[in-house]
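K.L.:
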Amino acid sequence: MSGKQMNSSYIDQYKTISSRILELQKQLDLLQNNLSQSYDDENFTIGAAAKLKLEIQQQQLLLDKISKHLNFE
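Sequential numbering of the sequence shown, starting at 4, is according to the numbering used here.
(1) What span of residues does the alpha helix (DSSP H) with leucine 55 cover, start to end?
(2) I need the DSSP call for leucine 73, collapsed to helix, strand or coil.
(3) Could you tell me how far apart the beta carbons of leucine 27 and isoleucine 59 are, in whole angstroms, since I believe they sit closer than 8 Å?
(4) In its own chain, which residues sit with a C-beta less than 6 Å from the C-beta of arginine 23, not counting the 5 before and 5 after it?
(5) Is the separation between the beta-carbon of leucine 73 and that of isoleucine 14 shorter than 8 Å?
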């Protein structure tokens, strides 16, 4: 694989993960909004929010690793 192809592959991965992080953050916002409006499922909502935060952190770590391989020209 040439350098440009590898860079393109990393850019595609970067875009995919960035989109996933934005999606997760929207879900987290919704959960936090629901939590402030209703206490019926508080434990479930807190658990789900914690899970989303963890996945966001993991995705951000992947982005950091990928960005080290990107050469912006």
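Each residue gets a CB set at the ideal place from its N, CA and C atoms; glycine is no exception. For clarity, every value in this text was computed on a predicted model and none was experimentally measured.
P.N.:
For this structure:
(1) 45-70
(2) coil
(3) 5 Å
(4) Gln62
(5) yes
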